[in-house]
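Each residue of the sequence shown is one higher than the last, beginning at 2 in the numbering used here.
Glycine included, every Cβ here is placed at the ideal spot set by N, Cα and C.
Note that the coordinates shown come from a computational prediction; the quantities given were computed from them, not determined experimentally.
Step one of this worksheet: look at the structure below.
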Amino acid sequence: MPIPERLRAAANTADPTLALRESVIELREAGRTRQQVSEWLNDLLLTVRREQRESAQEDAILATLDAVEGWCHPSVRLFPEPAAG
């Protein structure tokens with residue numbers, strides 16, 4: 002699945018961390034799943050790594066991916082944790 006243009010554009014802003022978080026929230030509210038968003042962010046990360054060595058974009062994508070996957074404080078998660086059961 003191709004990376005949504007909104008994620009590509011968000012990664013290229015002056016504040017990619019904020020823009021990526023906002024884009025992920027929009028995608029979530031549009032019905033996209035955690036898995037879809039995670040795959041897109043991983044693909045975007047690979048693209049950025051191929052194009053440049055280290056960048057604020059890479060850091061922002063990694064931080065956003067952590068928030069998507071729940072590898073962060075619960076207050077900054079971008080998707081709810083699945084119910085235990």
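When the distance is taken between beta carbons, is residue j closer than 8 Å to residue i?
i: V49; j: V69; result: no
i: R22; j: T65; result: yes
i: R7; j: L79; result: no
i: I4; j: D44; result: yes
Which same chain residues end up closer than 7 Å to residue i when comparing Cβ atoms and leaving out the 5 residues on each side of it in sequence?
i: P17; result: A11, A57, Q58, A61
Taking 6 Å as the limit between beta carbons, can you name the residues of its chain near residue i, skipping five residues before and five after?
i: M2; result: none
Apply the 10 Å Cβ neighbour rule to residue i and answer buried if 16 or more other Cβ atoms are within range, or exposed otherwise.
i: L47; result: exposed
i: L42; result: buried
i: V25; result: buried
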